[in-house]
Each structure stands twice: as C-alpha cells, then as structure tokens.
Amino acid sequence: MTVVDTPPPALPVRDKRATRALSPMLTRLAEERATGVLIREHGTLHLAEGRVVHAESPLAPGLDVLLTAHGTLAGAAWRRAAVRTPGPLHAAELLLHSGVLPTGALELCHLDALYDAGYFALAPSSTPGRFRYDNTPRLGPLPSVPVVALERETLRRRLLLHRLWSDPAADSTPLIRADPAGPAGAAPVTPRQRAVLDRVDGVRTATDIARDLGRQAFHTLVDIRRLAAAGHVMPVPPAPAPPPPAHQVTTDPDIALLKRLRDALEAL
Amino acid sequence: MPGIDECLLEAMRLPGARGAALVDWTSGLALGTVGDAPGGDHETTAAEAAELARMAAEHGTFAARGDELPPVEDLIVSNGDSYHLLRFVDTSFDSSVFLHLWLGREEGNLALARIRLGEMAARLVLG
C-alpha cells in the first residue's frame, strides 16, 4: 500500500531576528511604560505600565462569550459582575476574587481572549491608532503580557495562517461550502473542523462562526484556512465589478507613500 | 486554587523534572513555562510539541470510543535520556491546551508523573 500524503506545514517558530514592530506607537508606549487604552481600527489594547492587560476586538469573541458559551459560567453571573465593574477585565477580576471560577481556568481563558483579540487589534489598519492616557487599566491578579510578546505572537500567527492557505479572503468574508467538495484524497475533516463546516451557510463569517461556537476567532481561522486548503470552503465570490469606463484616468494617490507618512506620524 | 504558574511549579517538583509548559496546540503558543527546554528555547519546544499534540488530538485513530470522553488523555515520548509527557487539559470552555513535562530518564518516574500530571491538569481548570 502506498499512501503519499503531503505533510501539514510546520507550526512556525517566532523569528528572534524580527525586530520590526507592528506599531511604532505601541513600541514607544511600552518603552515609556504607559498606562491607558490604544484604539486601533480592528481592536483596542489596554496597557498598564507598558504591559498588555486586556484586549478587545469586534472580530474576536470576548472573555464573556468564551466563558458562558459552554456553561463554564452562567450568563447571569457574568452580567452581575459586569454591571458592578467598569469593564470586562475588572469583571473577570471580581469573578476571580469571588471564587466562582477556578483560578487556572480563568487565567487560561483570559490569556486566550487577550492573544486572540490582540491578533486582530494589531492587524494592518488603514487608519492611525489613537492612545488615550487613562488610569483605569492596572496590573491586577490576572496575567499580563509584554507588548513585545504579543507582537511576536501576532506575527507568528500571521505566518501560520499564511502557510496553511495563503489567501486571506476567507478570514473576513461570508463563507460557502465548495461545490463540489474537495478532492477525495484531501485531508479528512476533523471533529473541530466539522463544527465549523456545519455553520458555513453563505452568510456567516469566521467571526460569526467563532462567536456561535464560543471559540477563539484565531482558532476558527486556522480551521477555515485548513478547510479552504482542502477545498471544502471558499469565500462568497464578490459581485462582478461594473465595467471600467472607457478612458480611465489614474488619479489614485500613492497609497504606499501615504501609509509610510501615517506610520511616521504615529511614531512621533 | 492553583493558577497556571503554581501548576507548572508543582509539576517541577516531580522527581527528574527538567522543564514544564502549558501550550496551546492550535497556535503553538506557550501560555506559561518553567525550568529548561530541550535546545534551550521554550518557544521552539512549544511549537514542536503542539504539532505532535494536534496530530494525536485531531485524528480519530487515537480517540477514545464514546462522545463523553476526551479524545486523548496523554502522549508519552521516550528517548535515550529523557521522557516527554504531554497531558491534555479538558476544559469546560473551548480550548486546545496541554501540559508538557520534560523528565530526565534516570531520576524520572514515568508512572508517577503521569498520575500527578493528570491530577494537576484537572485541578488547574476544576479548582
């Protein structure tokens, strides 16, 4: 019997030589041990003394979703903590103090949510980030992460997705099942991928599926890229573009130059 | 109730323990590390151990029969001078993590470590 199978790509290891920061502004804030909230296009990072204590993104399910989706915590218990506190991180700390959740479970879920939202918050953006100095974030009992660790992990995750399937279109657009399904010899669909595949309906995006499953968005992207590589799912094709005018005049500004300018301004 | 660091430090008290980590097998991220890593780098170790764990966790061959049981409990790799014990952590929320314990072969007691690591994994998420 000869079964020839392409081995899956190896998980990337962080590149120690990579010194390019994802956000020059963030690097500066870490150096000055700033405390406050960095608002970027796809998410926010809460910094205390230059360390990331909390991250949120509309593209990633929050700690509340991860904890309540599978009954780890009753929805009512989260809401009770949330109304008594200024934000999700403080709500989580309140839950820690009250002992309704095991410390390890809460720390683990908190770190999962932080790296997950942080990945999206640090995604390339088309608008400059804004930082608001604010004394609300503080180093509390839940683990915090150095800025450089979050940046390196985010770069490593980008590389991992790229190696699985290089087209990022499936990350953000509604998904459909490929018809016909992938080739017979493609990698079998795992139980976790099956749960994702069952929710692909032409309307839901990866974020919707992650929220529906109470699963980290990045983990969902990994499964979707694997499913796309195996020919099981694809992004909904965009509507055909209108035909270009006969005499197209190029008035586009130099986007690359503008981006460099923005980065330079951010770094000031 | 132990947190991640306390759990890893407890694992390090096992005879022969060289290093321990809590690793996410989907991303390859080490969420916590203590002690030494083979080759001196916990990040590389986490990424490589995550590959192995994912293969075992996701492929039906190694799964327990019955939907109520976690697919795989642990993985054991032995070599000429050490053991690697990977214990999957069964959380009530959706996650994909395991405890990785690296044990010296001379001093380590694999049977004892397997039992203790299972208890630690349970206490970490169940209190």
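Protein chains in written order, with the numbering used here: chain A, 4 to 271; chain B, 2 to 128.
No residue lacks a Cβ here, since even glycine has one placed at the ideal position from N, Cα and C.
Consult DSSP for residue i and reduce its assignment to one of helix, strand or coil.
| i | result |
| --- | --- |
| T34(B) | strand |
| P53(A) | Reading off the sequence, residue 53(A) comes out as Gly, not Pro. In this structure, G53(A) counts as coil in the three-state DSSP scheme. |
| E44(B) | helix |
| T210(A) | helix |
| L99(A) | helix |
| T71(A) | helix |
| D25(B) | strand |
| L62(A) | coil |
| P194(A) | helix |
| T47(A) | strand |
| R133(A) | strand |
| P16(B) | coil |
| V203(A) | coil |
| G217(A) | coil |
| P238(A) | strand |
I think residue i touches residue j, with their Cβ atoms under 8 Å apart; what is that distance to the nearest whole Å?
| i | j | result |
| --- | --- | --- |
| A22(B) | M13(B) | Contact doesn't hold; Cβ gap of about 11 Å is too wide. |
| E59(B) | R195(A) | 7 Å |
| G107(A) | L125(B) | 4 Å |
| D6(B) | G33(B) | 6 Å |
| P243(A) | A173(A) | 20 Å between Cβ atoms; not a contact. |
| A50(B) | V24(B) | 6 Å |
| L274(A) | L25(A) | Any question about residue 274(A) goes unanswered here, given that chain A covers just 4 to 271. |
| R54(A) | L111(A) | Rounded, the Cβ-Cβ distance is 18 Å, inconsistent with contact. |
Given this structure, state the Cα-to-Cα distance separating residue i from residue j, to the nearest angstrom.
| i | j | result |
| --- | --- | --- |
| E34(A) | T71(A) | 36 Å |
| L53(B) | P240(A) | 36 Å |
| W81(A) | A94(A) | 7 Å |
| T88(A) | R31(A) | 29 Å |
| F134(A) | I42(A) | 6 Å |
| G132(A) | V151(A) | 17 Å |
| Q219(A) | A198(A) | 13 Å |
| E103(A) | L127(B) | Inspection of the sequence shows that residue 103(A) is occupied by Val rather than by Glu. So the alpha carbons of these two residues sit roughly 11 Å apart. |
| T223(A) | A209(A) | 7 Å |
| A120(A) | L69(A) | 12 Å |
| L14(A) | D170(A) | 18 Å |
| F94(B) | R83(A) | 20 Å |
| L153(A) | Y118(A) | 7 Å |
| S96(B) | P27(A) | 32 Å |
| W168(A) | S101(A) | 44 Å |
| V56(A) | L260(A) | 34 Å |
| T46(B) | P149(A) | 20 Å |
Using a threshold of 7 Å, is the CB atom of residue i nearer than that to any non-hydrogen atom of the ligand NAP?
| i | result |
| --- | --- |
| P240(A) | In the structure on display, the ligand NAP does not appear, and there are no ligands present to speak of. |
Exercise. Enumerate, from N- to C-terminal direction, the unbroken alpha helix (DSSP H) stretches of 4 or more residues contained entirely within the region 53-102 of chain B.
Key: none
Quiz item: Counting only runs that start and end within the region 137-186 of chain A, where is the alpha helix (DSSP H) found for 4 or more residues in a row?
Solution: 150-167, 172-175
Quiz item: Taking Cβ-Cβ distances below 9 Å as the criterion, which residues of the region 77-95 of chain B are in contact with chain A?
Solution: V90, T92, S93, F94, D95
Quiz prompt | Against chain B: residues of the region 113-130 of chain A by CB proximity under 7 Å | solution = L114, D115, Y118
Quiz item: Quick one, which residues of the region 93-115 of chain B are near chain A if we go by CB-CB under 8 Å, in chain order?
Solution: Per Cβ criterion, the list reads S93, F94, D95, S96, S97, V98.
Self-check item: Cβ-based contacts, 9 Å cut-off: residues of the region 39-62 of chain B near chain A
Solution: D42, E44, T45, A47, A48, E49, A51, E52, R55, M56, A58, E59, H60, G61
Quiz item: Mind listing which residues of the region 22-40 of chain B have their C-beta closer than 7 Å to chain A's C-betas, in chain order?
Solution: T27, S28, G29, L30, L32
Exercise. Report the residues of the region 81-103 of chain A with a CB closer than 8 Å to any CB of chain B, ordered along the chain.
Key: G102
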